[in-house]
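One structure below.
Residue numbers (this note's numbering): 2 to 197.
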């Protein structure tokens, strides 16, 4: 089952005199991943390599290491640990002994995997995204009851009659959320699936 980290974590090891410090964190967007990378990167280090994955989006960087020896093995570690919505940065301080391409791939991928293994995990639940329209008189009640179904409001746009809400909730809760909306609106509102 796919999971993410419950909180940021780190792991450190020394391989042939080079120090590797891996830092990982849960993220929900590319912007959050880039912000984490910028926040934890160390300008005094030899390399700050990173990889992140959020759903079908992913990016990685070798930061000056030979191509394919750092970022790609780190992304493979994320996928191998069945993680999603995570970012991993591995910071290397060169110790004077070259590791070779295979050694670098093992060092970066291994540090990333061990960091993810060390962190506390939470299971990711598949969510569906839907929109609905709700009148002002019904809005407060709907908002207060959505948490009963683990539903989150991604956005709300107000108009003259009420608000257009974009919701995200576990797929298994869709019938209950539809019933809640129908009951509160007396049948006037319904859920409209949004494209993933």
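Quick reminder that beta carbons are idealized off the backbone N, C-alpha and C, glycines included.
Quick caveat, the model's predicted, so the values are computed rather than measured.
Residue i versus residue j - alpha carbon distance
i, j, result
"residue 18", "residue 92", "14 Å"
"residue 80", "residue 57", "12 Å"
"residue 40", "residue 120", "19 Å"
"residue 84", "residue 3", "6 Å"
"residue 45", "residue 122", "31 Å"
"residue 47", "residue 74", "18 Å"
"residue 8", "residue 71", "23 Å"
"residue 107", "residue 10", "20 Å"
"residue 157", "residue 143", "13 Å"
"residue 151", "residue 43", "38 Å"
Three-state secondary structure assigned by DSSP to residue i
i, result
"residue 167", "strand"
"residue 23", "strand"
"residue 37", "helix"
"residue 124", "strand"
"residue 194", "strand"
"residue 130", "strand"
"residue 180", "helix"
"residue 95", "coil"
"residue 156", "strand"
"residue 52", "strand"
"residue 6", "strand"
"residue 17", "coil"
Nearest-angstrom Cβ-Cβ length linking residue i and residue j, presumed shorter than 8 Å
i, j, result
"residue 89", "residue 5", "12 Å between Cβ atoms; not a contact."
"residue 118", "residue 82", "7 Å"
"residue 26", "residue 37", "5 Å"
Counted within 10 angstroms of its Cβ, other Cβ atoms place residue i as buried (16 or more) or exposed
i, result
"residue 102", "exposed"
"residue 63", "buried"
"residue 172", "exposed"
"residue 153", "exposed"
"residue 138", "exposed"
"residue 180", "exposed"
- Is it a yes or a no for the segment 176–196 touching the segment 131–146, going by three-plus beta-carbon pairs under 8 Å? yes
- Message: Measuring CB atoms only, is the segment 94–103 touching the segment 13–28, in the sense that at least three cross pairs come out at less than 8 Å?
- Response: yes
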